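For the record, the sequence lines run as chains A and B. Under my numbering, residues 1 to 386 are what the first sequence spells out, in order. Under my numbering, residues 387 to 707 are what the second sequence spells out, in order.
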Amino acid sequence: MFRYIRSLAGKILLLLIIIAVGLAASGCIGFGAQQAGWSGVMVTDSSLFFGSAEGKLVALNTENGGQLWPPVSFETSGSGGFGCAAQATAVALYGTPAIDGDLVYIGGFDGKVRAITAENGATRWVYPREGSLHTIIGGPVVTQGRVYTGSVGGIIYALDATTGDWVWEFETRDEIWSTPAIDGDTLFIGSFNKKLYALNIATGEQEWQQPFETQGPIVSTPLVYNNTVYVASFDRHVYALDAADGGKIWQFPNEDGTENKPEKWFWASPVISNNTIYAANMDGKVYILNADDGVFITAIDLGSSISSSPVVASDKVFIATEEGNLYYIDTSSNQARQLPDLGGRGSAPFTTRDGGVYVHTYKEEIIYALNAENGAIIWNSTISNQ
Amino acid sequence: MDIGAIWDLIILQPMINIVISLSDILFNSFGLTIIAMTIIIRGAMYPLTRRQLRATKAMQSLQPKIAELQKKHGKDKQKLAQEQMKLYKESGVSPTGCLVPMLIQMPIWIALYQAIIRVLAVSPESFLNLSRYLYDWPIVYSALPLNQHFLWMNLAVPDLFLAIIVGATMWVAQKMSTPVSADPKQKSQGQMMVIMMPLMFAFLSMSFPSGLALYWVFSNLITIAMQYLALGGWGGLLPARAQKQPSERDKKLKKRIAEVEQVPTVVTAPEADISSTTQEEGVEDERGRDKRQDRGGGYTTSIRRTWRKPRRGRGRRSKRR
Numbered sequence: 001m002f003r004y005i006r007s008l009a010g011k012i013l014l015l016l017i018i019i020a021v022g023l024a025a026s027g028c029i030g031f032g033a034q035q036a037g038w039s040g041v042m043v044t045d046s047s048l049f050f051g052s053a054e055g056k057l058v059a060l061n062t063e064n065g066g067q068l069w070p071p072v073s074f075e076t077s078g079s080g081g082f083g084c085a086a087q088a089t090a091v092a093l094y095g096t097p098a099i100d101g102d103l104v105y106i107g108g109f110d111g112k113v114r115a116i117t118a119e120n121g122a123t124r125w126v127y128p129r130e131g132s133l134h135t136i137i138g139g140p141v142v143t144q145g146r147v148y149t150g151s152v153g154g155i156i157y158a159l160d161a162t163t164g165d166w167v168w169e170f171e172t173r174d175e176i177w178s179t180p181a182i183d184g185d186t187l188f189i190g191s192f193n194k195k196l197y198a199l200n201i202a203t204g205e206q207e208w209q210q211p212f213e214t215q216g217p218i219v220s221t222p223l224v225y226n227n228t229v230y231v232a233s234f235d236r237h238v239y240a241l242d243a244a245d246g247g248k249i250w251q252f253p254n255e256d257g258t259e260n261k262p263e264k265w266f267w268a269s270p271v272i273s274n275n276t277i278y279a280a281n282m283d284g285k286v287y288i289l290n291a292d293d294g295v296f297i298t299a300i301d302l303g304s305s306i307s308s309s310p311v312v313a314s315d316k317v318f319i320a321t322e323e324g325n326l327y328y329i330d331t332s333s334n335q336a337r338q339l340p341d342l343g344g345r346g347s348a349p350f351t352t353r354d355g356g357v358y359v360h361t362y363k364e365e366i367i368y369a370l371n372a373e374n375g376a377i378i379w380n381s382t383i384s385n386q
Numbered sequence: 387m388d389i390g391a392i393w394d395l396i397i398l399q400p401m402i403n404i405v406i407s408l409s410d411i412l413f414n415s416f417g418l419t420i421i422a423m424t425i426i427i428r429g430a431m432y433p434l435t436r437r438q439l440r441a442t443k444a445m446q447s448l449q450p451k452i453a454e455l456q457k458k459h460g461k462d463k464q465k466l467a468q469e470q471m472k473l474y475k476e477s478g479v480s481p482t483g484c485l486v487p488m489l490i491q492m493p494i495w496i497a498l499y500q501a502i503i504r505v506l507a508v509s510p511e512s513f514l515n516l517s518r519y520l521y522d523w524p525i526v527y528s529a530l531p532l533n534q535h536f537l538w539m540n541l542a543v544p545d546l547f548l549a550i551i552v553g554a555t556m557w558v559a560q561k562m563s564t565p566v567s568a569d570p571k572q573k574s575q576g577q578m579m580v581i582m583m584p585l586m587f588a589f590l591s592m593s594f595p596s597g598l599a600l601y602w603v604f605s606n607l608i609t610i611a612m613q614y615l616a617l618g619g620w621g622g623l624l625p626a627r628a629q630k631q632p633s634e635r636d637k638k639l640k641k642r643i644a645e646v647e648q649v650p651t652v653v654t655a656p657e658a659d660i661s662s663t664t665q666e667e668g669v670e671d672e673r674g675r676d677k678r679q680d681r682g683g684g685y686t687t688s689i690r691r692t693w694r695k696p697r698r699g700r701g702r703r704s705k706r707r
């Protein structure tokens, strides 16, 4: 009898161990794949806003990085998987917030767009009010009283900026990770279906006869300059298109170009300075091209993968590798200068305003404010302390 | 270079690029790619699998002898171990024979599993991570992102129905390969594995992307097919009837038959028929008893004949009780 009980206890113990291992592996108790997010920073005259890895909207002042109001948490109740209790998890925030008037707009991995009062962090509206859209990865853009955002469900939404009411939507039938770019009355956005769309911001109708098609998904934000749209794709090409009709002006590398061919995806958005395009590739190189004809000028090898979109400030291109190595490229000489490494990894886009350059690192979550003239750190703020 | 980097370079990176390229060939269907990769890898690993299955079969065939040894030396553990080793040596069976081929195959299975998870890339972080593994092949860049929809499933999210199939197929595969041990302890452990492994994998399938579950299902189906061919049947799933031990009910029944044979037979049929029947009964009974050792329930031919009901009408068949 005693032996039987001992044997039964052993079996129960083994059963519990196996269930625990299964739970651990399945993510019920926190070992599953997690999304952290890498939101960029939106800067106004005196304050900046960004989404933290803990799923919070953080507001700091631009003077010294001091906190303006307690971070606003966004949580979603996950199902917890079969047999697991539902638990609240932080919403990953990848898109850079947008600001218009007194409202800050941010989209979350939980498929909701939120409008938060810039002054005190109070929620003004949430879209949709019930349920959720597909996951939102790209950031929102706000103009002329409307908020525009794409979702992983392949739909671009236009919402009323004041009330959060639906205005129109356009379906691309594949995932959208890109933040839209708006120029005049046209919205440009790339999709996982390898196409770049041009939509009328008032109606949501296509402005080009057909979208421009590349050979790879487009996750970067297009650059619009002088009626030309510059877009970088996962197909390892940079394209220049006529903004009016989507006609191709040039592509780099060209059809028979085998030299200086980028080796990996273009995740980061291209930037322009002095009629020169700077396109950072995940092969660790920044490809420098003539904006008029796409002729290759040079490439600067920064040593490791680049997914963070650079920014131009004071005739310098500020850029960081995923490893957190910080550089600026002098646009007059196209020479790179290495700055002190960032404390965390870099995938969030850079932002500039009033002589300052701002970047948000992840893993070690730190906000840096740099002097655009020399790249010196003005202040930094570690987010885990917020 | 650390071991992780070597693993990525030599095994994982080629696997990921082959999976993506194959997907481009297979109509950009990631579901078909998973099935094809599972078949290709299991096919390539067949020589090792065959060795493993042969070892399993040999171990199964030794179970009656091991049971005898346990009966004989059950109390002397040392002696039992010695005798078992001697038996293995004489029979040319290695107790680790099933284990070594399985261990060699493990890295390939793990690599395929990792490749599926990485290629599915459900979050921006995992997609970013995927780029590190890509070769400079145009086919790889044109194939991505892979079509995650297959039949009714989105391969990037869990699927309950597929999870149930994972559990069911794994149970069949486990049941087939588990030897029927005479040792109650080993038998209990074997039974636990047969139940727990499918349960665990079914549970994991409910939490992981269904692409992985699809791989498990087809891997299990191939295992079942290979085991069927190698073991010459369903193995432990449907053990041969000849191997079955007589049950308590059978033993009682035999005793009852013996008792019945001691008492005079009650008959209702004409005497002429009785004599002819009783003459045959000895033979029939022995024959019936031999067969009955392997069957449960029912009565022997002799008893049934004894209790035959009289005919009620013309052409009407007799009913058996």
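Built from N, CA and C at the ideal position, the CB exists for glycine as well. Computed from a predicted model, the values in this text were never measured in an experiment.
Here the segment 245-255 of chain A does not lie against the segment 264-274 of chain A, with fewer than 3 beta-carbon pairs under 8 Å apart. The Cβ of L514 (chain B) sits closer than 7 Å to at least one Cβ of chain A. When only Cα atoms are considered, V311 (chain A) and Y358 (chain A) end up about 9 Å apart. Contact annotation: H459 (chain B) and L448 (chain B) have beta-carbon atoms that are not nearer than 7 Å.
Between K363 (chain A) and chain B, the shortest Cβ-Cβ separation is not below 7 Å. Here A115 (chain A) has L103, Y105, R124, W125, G164 as same chain residues with Cβ atoms under 7 Å from its own Cβ, once five neighbours each way along the sequence are excluded. By a beta-carbon distance limit of 8 Å, F74 (chain A) contacts G108 (chain A). Their separation comes to about 6 Å.
Taking 9 Å as the upper bound on Cβ-Cβ separation, chain A lies near residues I503, V508, S509, P510, E511, S512, F513, L514, S517, R518, L520, D522, P524, Y527 of the segment 497-527 of chain B. In the DSSP assignment, W69 (chain A) falls outside any alpha helix (DSSP H) and within the unbroken beta strand (DSSP E) covering 67-73.
Remark: C-beta atoms of G55 (chain A) and S39 (chain A) do not approach each other more closely than 7 Å.
Exclusion of the five residues before and after M556 (chain B) leaves M583, P584, F587, A588, W602, N606 as the residues of its chain whose Cβ lies within less than 8 Å of its Cβ. Along the segment 528-546 of chain B, going in chain order, the ones with a CB nearer than 8 Å to a CB of chain A are S528, L530, P531, P544, L546.
DSSP places Y287 (chain A) in the strand class (E or B) of the three-state scheme. At a beta-carbon threshold of 8 Å, the residues of chain B lying near F234 (chain A) are Y527, L530, ordered along the chain.
A residue is called buried once 16 or more other Cβ atoms fall within 10 Å of its Cβ, and L489 (chain B), having fewer, is exposed. Within the model, the alpha-carbon separation for A36 (chain A) versus T62 (chain A) is close to 24 Å. In the DSSP assignment, T609 (chain B) falls within the unbroken alpha helix (DSSP H) covering 596-617. Per DSSP, reduced to three states, the secondary structure at E119 (chain A) is coil, with no helix or strand assignment.
The residue among A:S333, A:N226, A:T331, A:D341 with its C-alpha nearest the C-alpha of A320 (chain A) is A:D341. Beta-bridge partners assigned by DSSP to H459 (chain B): none are found.
Within the segment 401-461 of chain B, the alpha helix (DSSP H) runs of at least 4 residues that lie entirely inside it are, in chain order, 416-430, 432-459.
Residues of the same chain with a CB within less than 7 Å of the CB of R173 (chain A), apart from the 5 flanking positions on each side, are G154, N193 in chain order.
In the DSSP annotation of this structure, F266 (chain A) is not part of any beta strand (DSSP E), being labelled neither H nor E. The segment 173-189 of chain A makes contact with the segment 215-223 of chain A: 3 or more CB pairs, one atom from each, lie closer than 8 Å. In the three-state DSSP reduction, T555 (chain B) falls in the helix class (H, G or I).
Under a 10 Å Cβ-count criterion, M492 (chain B) is classified as exposed, with fewer than 16 other Cβ atoms of the shown protein chains found around its own Cβ. Take the alpha-carbon of S517 (chain B) and the one of R504 (chain B): they are about 10 Å apart. When A:Y197, A:G150, A:I297, A:N200 are compared, the shortest CA-CA separation from S178 (chain A) is found for A:G150. For F547 (chain B), the secondary structure class from DSSP, reduced to helix, strand or coil, is helix.
In the assembly as shown, L530 (chain B) is a buried residue. Its beta-carbon has 16 or more other beta-carbons within 10 Å.
In its chain, beyond the 5 residues on either side, L439 have a beta carbon closer than 6 Å to the beta carbon of A616 (chain B). For Y527 (chain B), the enclosing alpha helix (DSSP H) covers residues 524-529. If only complete runs of 3 or more residues are kept, the segment 182-265 of chain A shows the beta strand (DSSP E) at 186-190, 195-200, 223-225, 228-232, 238-242, 248-252, in order along the chain. DSSP lists no bridge partner for F589 (chain B). Interface flag for Q335 (chain A) against chain B is unset, since no Cβ pair is found closer than 7 Å.
Under the three-state reduction of DSSP, N380 (chain A) is assigned to strand.
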